[in-house]
Amino acid sequence: MARALRVVGIVGAVLVSAVALGMAASLGPARWSDDGLTLGVAAATVVTVLLAGGLIFVSVRAARRPVARAALILGGGVVVILIAFPAGVAAWAAYPPHASYDGGRPAGATDVTVPAADGVTLAGWFLPSQTGAAVVLTHGAGSTRDAVVAQAEVLASAGYGVLAIDARGHGDSTGRAMDLGWWGEADVSAALDTLATLEGVDPERLGLVGLSMGGESAVGAAGVDGRVRAVVAEGATQRTSADKAGWLPRHPLGWVQRGMDMERDAITVALTDAPRPPTLREAATETAAPILLIASGQVPDEPMAAAWIAEGHPHVDVWEIAEAPHTGGLATEPEAWAQRVVSFLDDALATPSTSG
Numbered sequence: 128m129a130r131a132l133r134v135v136g137i138v139g140a141v142l143v144s145a146v147a148l149g150m151a152a153s154l155g156p157a158r159w160s161d162d163g164l165t166l167g168v169a170a171a172t173v174v175t176v177l178l179a180g181g182l183i184f185v186s187v188r189a190a191r192r193p194v195a196r197a198a199l200i201l202g203g204g205v206v207v208i209l210i211a212f213p214a215g216v217a218a219w220a221a222y223p224p225h226a227s228y229d230g231g232r233p234a235g236a237t238d239v240t241v242p243a244a245d246g247v248t249l250a251g252w253f254l255p256s257q258t259g260a261a262v263v264l265t266h267g268a269g270s271t272r273d274a275v276v277a278q279a280e281v282l283a284s285a286g287y288g289v290l291a292i293d294a295r296g297h298g299d300s301t302g303r304a305m306d307l308g309w310w311g312e313a314d315v316s317a318a319l320d321t322l323a324t325l326e327g328v329d330p331e332r333l334g335l336v337g338l339s340m341g342g343e344s345a346v347g348a349a350g351v352d353g354r355v356r357a358v359v360a361e362g363a364t365q366r367t368s369a370d371k372a373g374w375l376p377r378h379p380l381g382w383v384q385r386g387m388d389m390e391r392d393a394i395t396v397a398l399t400d401a402p403r404p405p406t407l408r409e410a411a412t413e414t415a416a417p418i419l420l421i422a423s424g425q426v427p428d429e430p431m432a433a434a435w436i437a438e439g440h441p442h443v444d445v446w447e448i449a450e451a452p453h454t455g456g457l458a459t460e461p462e463a464w465a466q467r468v469v470s471f472l473d474d475a476l477a478t479p480s481t482s483g
């Protein structure tokens, strides 16, 4: 019994220390003060890791055979890595480093403030519409609206109004950032509220264009907001483990990844009050708006995720750009990107909605 309890204690210590180690490595000493994490959290993490490390050391010393020691060290190392990595991703998503807005904007853009329903204020800029149609433009994780200036210029040159926002906690927006995009629906719906009131914008002709996290937010928002009449999402893959579970390979490595993703989500839920969103495929089911998914041919996850989201949905189209890196469609194929995206939006937003 004593031996069994010791084994259970060692295993438990390894698991706890792996989670703590992953979170500590992700957050980093330089970010503790910036993100409101106290020195007490840092100290508790260090103490936990040291205690668990001591237990592991004792167990290794207790192993009588060199082979057993080697196996214990190797197996323990693999387990620590597999458990620490998802914990680190969760901590990074819940407490990302602040992305600063550098002030980039297209000529003619004016500052706009977007109030969200929960009191958060989103910062943005607006390019006026020449046709009445307009879009909300959303950036990826760890960036701000200055990362989508080129896309805004293409859309504005085609006559579209463009409201580009900083996601909450990013750039000049208030609130706590969340880099898995779980606040996406709330932020995008708030932006639509504001966009519909701006001069020259027809509230019956609104669309969404987003990159990476912003693309996932756009698809998610379309599933809950009936005002969305078109979505262009580039580099959208997953916000939760349920997204990836649909397209990960059905072999042992795929199932290991599923387990790691589930751990990441469980820890993320404990670290943030952001609502866990439905899958992107479920969101696509809940909207009749046409969706264009742009996938990078250089990132294998993107075509697989796009195909899974689009499966069984005739209103979802997938365009894979073979030579483009993640969200690099416009930079790689500028003429093709402009023609494909603008034509798609023209077809969807040409006339006011007749629904309702």
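Going by my numbering, the first residue of the sequence shown is number 128, and it counts up by one from there. Using N, Cα and C, we set each Cβ at its ideal position, and we do this for glycine too.
Identity of the residues DSSP links to residue i by a beta bridge
{"i": "Asp-444", "result": "Leu-419"}
{"i": "Phe-253", "result": "Thr-237 and Leu-290"}
{"i": "Gly-337", "result": "Thr-265 and Ala-360"}
{"i": "Pro-242", "result": "Thr-248"}
{"i": "Val-491", "result": "Residue 491 lies beyond the stretch modelled for the chain, which goes from 128 to 483, so this question has no answer here."}
With 16 other Cβ atoms within 10 Å as the buried cut-off, status of residue i
{"i": "His-225", "result": "exposed"}
{"i": "Thr-324", "result": "exposed"}
{"i": "Thr-395", "result": "buried"}
{"i": "Arg-377", "result": "exposed"}
{"i": "Gly-167", "result": "Residue placement at Gly-167 cannot be trusted, given a pLDDT of 48 that sits under 50; the coordinates are not used to answer."}
{"i": "Glu-326", "result": "exposed"}
{"i": "Gly-439", "result": "exposed"}
{"i": "Ser-284", "result": "exposed"}
{"i": "Gly-215", "result": "buried"}
{"i": "Asp-238", "result": "exposed"}
{"i": "Asp-474", "result": "exposed"}
{"i": "Thr-478", "result": "exposed"}
{"i": "Leu-380", "result": "exposed"}
{"i": "Ser-344", "result": "buried"}
{"i": "Pro-404", "result": "buried"}
{"i": "Ala-397", "result": "exposed"}
{"i": "Asp-392", "result": "buried"}
{"i": "Ala-415", "result": "exposed"}
{"i": "Gln-257", "result": "exposed"}
{"i": "Val-227", "result": "The identity of residue 227 in the sequence shown is Ser, whereas the question assumes Val. The residue in question, Ser-227, is exposed, as its Cβ has fewer than 16 Cβ neighbours within 10 Å."}
{"i": "Ala-217", "result": "buried"}
{"i": "Thr-240", "result": "exposed"}
Coil, strand or helix - residue i by DSSP
{"i": "Trp-374", "result": "coil"}
{"i": "Arg-295", "result": "coil"}
{"i": "Ala-318", "result": "helix"}
{"i": "Trp-310", "result": "coil"}
{"i": "Gln-365", "result": "coil"}
{"i": "Leu-325", "result": "coil"}
{"i": "Ser-160", "result": "Unreliable positioning characterises Ser-160 in this predicted model, as indicated by a pLDDT of 42, which lies under 50. The coordinate reading is nonetheless provided below. If DSSP states are grouped into helix, strand and coil, Ser-160 belongs with coil."}
{"i": "Glu-450", "result": "coil"}
{"i": "Thr-459", "result": "helix"}
{"i": "Gly-231", "result": "coil"}
{"i": "Gly-300", "result": "Checking the sequence shown, residue 300 turns out to be Ser, not Gly. Three-state DSSP puts Ser-300 in coil, outside helix and strand."}
{"i": "Glu-409", "result": "helix"}
{"i": "Gly-342", "result": "helix"}
{"i": "Trp-270", "result": "Checking the sequence shown, residue 270 turns out to be Ser, not Trp. Ser-270: coil per DSSP, three-state reduction."}
{"i": "Val-468", "result": "helix"}
{"i": "Val-426", "result": "coil"}
Residue of the options minimising C-alpha distance to residue i
{"i": "Arg-354", "options": "Ala-214, Leu-322, Ala-369 and Leu-290", "result": "Leu-322"}
{"i": "Pro-233", "options": "Val-289, Pro-405, Thr-364 and Val-315", "result": "Val-289"}
{"i": "Asp-314", "options": "Ala-410, Ala-244, Thr-406 and Gly-286", "result": "Ala-244"}
{"i": "His-297", "options": "Ala-221, Ser-470 and Leu-375", "result": "Ala-221"}
{"i": "Gln-278", "options": "Ala-268, Pro-441 and Ala-291", "result": "Ala-291"}
{"i": "Ala-304", "options": "Thr-406, Ala-217, Gly-456 and Pro-223", "result": "Pro-223"}
{"i": "Gly-311", "options": "Val-328, Ala-410 and Met-389", "result": "Ala-410"}
{"i": "Ala-349", "options": "Ser-316, Leu-282 and Asp-329", "result": "Ser-316"}
{"i": "Met-389", "options": "Leu-407, Thr-406, Trp-374 and Ala-369", "result": "Ala-369"}
{"i": "Asp-229", "options": "Phe-471, Ala-274, Leu-249 and Ala-357", "result": "Ala-274"}
{"i": "Leu-472", "options": "Ala-357, Trp-464, Gly-231 and Val-241", "result": "Ala-357"}
{"i": "Glu-413", "options": "Val-346, Val-276 and Glu-460", "result": "Val-346"}
{"i": "Pro-242", "options": "Gln-425, Ala-318 and Pro-461", "result": "Ala-318"}
{"i": "Asp-352", "options": "Val-276, Pro-330, Gly-231 and Lys-371", "result": "Pro-330"}
{"i": "Ala-432", "options": "Leu-476, Gly-373 and Trp-219", "result": "Gly-373"}
CB contact flag (residue i, residue j, <8 Å)
{"i": "Gly-251", "j": "Asp-293", "result": "yes"}
{"i": "Ala-236", "j": "Phe-212", "result": "no"}
{"i": "Gly-286", "j": "Arg-332", "result": "no"}
{"i": "Leu-335", "j": "Val-262", "result": "yes"}
{"i": "Ser-423", "j": "Ala-401", "result": "no"}
{"i": "Gly-362", "j": "Glu-429", "result": "yes"}
{"i": "Gly-302", "j": "Met-340", "result": "no"}
{"i": "Ala-360", "j": "Ile-448", "result": "no"}
{"i": "Leu-420", "j": "Val-383", "result": "no"}
{"i": "Gly-267", "j": "Thr-454", "result": "yes"}
{"i": "Leu-457", "j": "Val-328", "result": "no"}
{"i": "Arg-366", "j": "Leu-375", "result": "no"}
{"i": "Arg-295", "j": "Leu-249", "result": "yes"}
{"i": "Ala-434", "j": "Val-445", "result": "yes"}
{"i": "Arg-408", "j": "Ile-436", "result": "yes"}
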